[in-house]
Amino acid sequence: MRQSILGPLSPEVFLQSYWQKKPLLIRQAIADFQSPLSADELAGLALEEEVESRIILEKGETPWELRRGPFSESDFTCLPPSHWTLLVQAVDHWVPDVHSLLDYFDFLPSWRLEDIMISYATDGGSVGPHYDHFDVFLIQAQGKRRWQVGPVYDASSPKLENTNLHILSEFAVLEDYVLEPGDMLYLPPGVGHHGAAEGECMTISVGFRAPSHREILMQFTDFIADQLPESLRYSDPDQTLPVRKGEIDDKALDRLQTILKQHIEDRSMLADWFGGMMTQPKHEQPVEEPWQNWETFKEEAEGVDLVLNEGSRLAFREERNSMTLFADGDAYVCHSANATNLAQQLCQNSKLTSDQWCSVIDNETRELVLDLINSGSIYPLFEESADG
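Count along the sequence shown starting at 1, add 947, and that's the number in my numbering.
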């Protein structure tokens, strides 16, 4: 049985007392923790074109210099001996052992998870005191890092000038911790924090999706607008003689609010948009040659499990007599009990065993499985041959 990452706390107590409320330090959240990749392997990822990476030098050509990848091997050989940090985003998309760390966070909806960032820092390496707009769990992977935790900050808090980083120019320390491998620090949105390496260290950051109200309003209204015909127009059959020419009266605003409510209060449309947005992948999934039909696929993949692509995100929503599976921004409506059960199994376990998918007999479920494979959301876990 897997150890709970919350230590002595139950998930219920954590959600009630800490989640989006106050920081929490858990010593040995993962006992005897071994980093799933080395510093050299992390640097290797930063050489890849499709991987998002950054290097921050506290004393570079300018104070708090920001460099963006992809990098070359020579970029690393020219770095100073201390006070710099390498950050690699979405490592869970590229390294299965890192992706498996997400299983520790099954006390939260899977669609809330964003990605896992991993940082490597030389002695004194830091990104400066700052705050995030989202929840983050900081797991110490290698070495030691000192974390100073402050109060809640916001957009009005003073920031350092002449840098591309959002570094707080005024930072009050309320708590001071040194984390060792396996220790974890949870920080709610807005809580100021400053982490500095004591010697070389690596830190794993598990972040969560939190769209801004601006994003929600802009993207949802765009989603609605794309589905409405031009024939739907503002109308006022109850119009009366205006008291003052040119005045926008309360009745006009009432009509506008009615139009807005008519669309915004459509929960089915809201669910379709939200499911697509919250499962949108950070990177396009690699897709092999598509399978043309079920018979060919079953013959070649029989006995093989189907697993969720490391960069994929799933969610589902039940509505009356159907269930919609959201996978990487796409929606799949499931009507049959078999399709619904299979989709829920995939959301729950991130895989379908060979017995589960091989026993499928109805066309809707077969089509769903093939669509998910051909879109890159899931893939057959063929064993590699001994010669690679």
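The beta carbon of each residue, even a glycine, is placed where N, CA and C say it ideally should be.
TODO: Mind checking who GLY1142 pairs with in its DSSP beta bridge?
DONE: As a position in the sequence shown, residue 1142 is number 195, starting the count at 1. Paired residue(s): TRP1094.
Open item on the list: Need the endpoints of the alpha helix (DSSP H) that GLU1247 sits in, please.
Closed with: Here the question's residue 1247 lines up with position 300 in the sequence shown. First-last of the alpha helix (DSSP H) with GLU1247: 1241-1248.
Task: Limits of the unbroken beta strand (DSSP E) element including THR1271 - done: Within the sequence shown, numbered from 1, the residue matching residue 1271 stands at position 324. Here the beta strand (DSSP E) through THR1271 covers 1269-1274.
Open item on the list: Let's see if you can read the secondary structure: which residues bound the alpha helix (DSSP H) around THR1168?
Closed with: What you label residue 1168 is simply residue 221 of the sequence shown in a count that begins at 1. Where THR1168 is concerned, the enclosing alpha helix (DSSP H) starts and stops at 1160-1172.
- [ ] Check each candidate in PRO970, LEU1315, CYS1305, ILE1308 and name the one with the smallest Cα separation from GLN1291.
- [x] Walking along the sequence shown from the start, residue 1291 turns up at place 344. The candidate whose alpha carbon is nearest that of GLN1291 is LEU1315.
Task: For PRO1010, the first and last residue of its enclosing beta strand (DSSP E) - done: What you label residue 1010 is simply residue 63 of the sequence shown in a count that begins at 1. Element bounds for PRO1010: 1010-1015.
Task: Element boundaries [beta strand (DSSP E), containing ILE977] - done: As a first step, residue 977 must be located in the sequence shown, where it is residue number 30. For ILE977, no beta strand (DSSP E) run applies, since DSSP gives it neither H nor E.
- [ ] Report yes or no: is there a C-beta of chain B within less than 8 angstroms of the C-beta of ASP1277?
- [x] Structure shown: chain B not included; a single protein chain is present.
Open item on the list: Quick check: what's the CA-CA separation for LEU1115 versus THR1187?
Closed with: As a working note, residue 1115 is residue 168 in the sequence shown. As a working note, residue 1187 is residue 240 in the sequence shown. Straight-line Cα distance between these residues: approximately 56 angstroms.
TODO: State the Cα-Cα distance for the pair GLY1090 and GLN1174, rounded to the nearest angstrom.
DONE: Here residue 1090 corresponds to residue number 143 of the sequence shown, with the count starting at 1. Here residue 1174 corresponds to residue number 227 of the sequence shown, with the count starting at 1. So the alpha carbons of these two residues sit roughly 53 angstroms apart.
Open item on the list: Within a Cβ cutoff of 6 angstroms, which residues of the same chain sit near VAL998, ignoring the five residues on either side of it in sequence?
Closed with: Here residue 998 corresponds to residue number 51 of the sequence shown, with the count starting at 1. Closer than 6 angstroms at Cβ, skipping near neighbours: LEU992.
Open item on the list: So, at 6 angstroms on beta carbons, what are the nonlocal neighbours of TRP1220 in its own chain, with the 5 sequence-adjacent residues on each side left out?
Closed with: Here residue 1220 is taken as the residue at index 273 of the sequence shown, counted from 1. Around TRP1220: PHE1167, PHE1170.
- [ ] Kindly indicate the opening and closing residues of the beta strand (DSSP E) around SER1000.
- [x] On the sequence shown, position 53 is the one that residue 1000 refers to. Element bounds for SER1000: 1000-1006.
TODO: At 3 residues or longer, and completely inside the segment 1027-1085: list those beta strand (DSSP E) runs for me, N to C.
DONE: 1031-1035, 1060-1068
Task: Opposing strand residues paired with ARG1214 [DSSP bridges] - done: Translated into positions along the sequence shown, residue 1214 becomes position 267. Beta-bridge pairing links ARG1214 to no other residue.
Task: Backbone secondary structure at GLY1154 - three-state DSSP - done: As a working mapping, residue 1154 is identified with position 207 in the sequence shown. In the structure shown, GLY1154 sits in a strand (DSSP, three-state: E or B).
- [ ] Going by DSSP, name the residue or residues bridged to LEU992.
- [x] Position 45 of the sequence shown holds residue 992. Partner(s): none; LEU992 has no beta bridge.
Task: Spatial distance of VAL1153 from ASP1185 (CA atoms) - done: As a working mapping, residue 1153 is identified with position 206 in the sequence shown. As a working mapping, residue 1185 is identified with position 238 in the sequence shown. Going by the C-alpha atoms only, they are around 55 angstroms apart.
TODO: Please state whether DSSP places VAL960 in a helix, a strand or coil.
DONE: Residue numbering aside, residue 960 sits at position 13 when the sequence shown is read from its first letter. If DSSP states are grouped into helix, strand and coil, VAL960 belongs with the helices.
Task: Separation of GLU1246 from TRP966, as counted between CA atoms - done: Taking the sequence shown and counting its residues from 1, one reaches residue 966 at position 19. Taking the sequence shown and counting its residues from 1, one reaches residue 1246 at position 299. Distance between the alpha carbons of TRP966 and GLU1246: 47 angstroms.
Open item on the list: My output table needs one value for CYS1025: the three-state DSSP class, helix, strand or coil.
Closed with: Your numbering for residue 1025 matches position 78 in the sequence shown. The answer is coil: DSSP assigns CYS1025 none of H, G, I, E or B.
Task: Pair within 8 angstroms by beta-carbon distance, VAL1254 and LEU1328 - done: Locating residue 1254 in the sequence shown gives position 307, where the first residue counts as 1. Locating residue 1328 in the sequence shown gives position 381, where the first residue counts as 1. Against a cut-off of 8 angstroms, the Cβ pair of LEU1328 and VAL1254 comes out as a contact.
TODO: Measure the CB-CB distance between SER1000 and GLY1016 and report whether it falls below 8 angstroms.
DONE: Within the sequence shown, residue 1000 is the residue found at index 53, counting from 1. Within the sequence shown, residue 1016 is the residue found at index 69, counting from 1. For SER1000 and GLY1016, yes; Cβs fall inside 8 angstroms.
Open item on the list: Contact defined as beta carbons within less than 8 angstroms: I believe PRO1128 pairs with MET1224. What is the distance between those atoms, to the nearest angstrom?
Closed with: As a position in the sequence shown, residue 1128 is number 181, starting the count at 1. As a position in the sequence shown, residue 1224 is number 277, starting the count at 1. Actually they do not touch by this definition, with Cβ atoms about 36 angstroms apart.
Task: Residue range of the beta strand (DSSP E) that includes ARG1264 - done: Residue 1264 sits at position 317 when you count from the first residue of the sequence shown. Counting along the chain, the beta strand (DSSP E) containing ARG1264 begins and ends at 1261-1266.
Task: Own chain, CB closer than 8 angstroms to ARG1313, minus 5 neighbours either side, in chain order - done: Indexing the sequence shown from 1 puts residue 1313 at position 366. Hits under 8 angstroms: TRP1241, VAL1307.
Task: Cβ separation of GLN1095 and ASP1130, assumed to be a contact under 8 angstroms, to the nearest whole Å - done: Taking the first residue of the sequence shown as position 1, residue 1095 is located at position 148. Taking the first residue of the sequence shown as position 1, residue 1130 is located at position 183. Their Cβ separation, rounded to whole angstroms, is 15 angstroms, which puts GLN1095 and ASP1130 out of contact at 8 angstroms.
Open item on the list: Per DSSP, what are the beta-bridge partners of PRO1327 in this structure?
Closed with: Looking up residue 1327 in the sequence shown gives position 380. Paired residue(s): LEU1253.
Task: Residues of its chain near LEU1319, where Cβ-Cβ distance is below 7 angstroms and the 5 sequence neighbours each way are ignored - done: As a first step, residue 1319 is located in the sequence shown; it is residue number 372 there, counting from the start. Closer than 7 angstroms at Cβ, skipping near neighbours: ALA1274, ILE1325.
TODO: Please go through the same chain and pick out, in chain order, the residues whose beta-carbon is closer than 8 angstroms to the beta-carbon of GLU1020, but skip the five residues on each side of it.
DONE: Translated into positions along the sequence shown, residue 1020 becomes position 73. LEU994.
- [ ] Under the assumption that LYS1229 contacts HIS1040 (Cβ atoms under 8 angstroms), give the Cβ distance between them as a whole number of angstroms.
- [x] For the purposes of this step, residue 1229 is taken as the residue at position 282 of the sequence shown. For the purposes of this step, residue 1040 is taken as the residue at position 93 of the sequence shown. Yes, they are in contact, since the Cβ atoms of LYS1229 and HIS1040 sit about 7 angstroms apart, within 8 angstroms.
Task: Host alpha helix (DSSP H) of ALA1290 (start-end) - done: Sequence index remark: in the sequence shown, residue 1290 carries index 343 (1-based). It spans 1284-1296 - the alpha helix (DSSP H) in which ALA1290 sits, taken as one unbroken run.
TODO: Thinking LEU1085 and ILE1063 are a contact (beta carbons under 8 angstroms), I'd like their distance in whole angstroms, please.
DONE: Along the sequence shown, one-based indexing puts residue 1085 at 138. Along the sequence shown, one-based indexing puts residue 1063 at 116. Not a contact, Cβ separation roughly 11 angstroms.
TODO: Would you list the residues sitting across from MET1336 in a DSSP beta bridge?
DONE: The question about residue 1336 has no answer, for the chain in this structure spans 948 to 1335.
Task: DSSP bridge partner residues for GLU1236 (one or two, in chain order) - done: Residue mapping note: residue 1236 aligns to position 289 of the sequence shown, counting from 1. Answer is none; GLU1236 lacks a bridge partner.
Open item on the list: Please report the straight-line C-alpha distance between VAL1074 and ARG1202, rounded to a whole angstrom.
Closed with: As a working note, residue 1074 is residue 127 in the sequence shown. As a working note, residue 1202 is residue 255 in the sequence shown. In a straight line, the C-alpha of VAL1074 is about 50 angstroms away from that of ARG1202.
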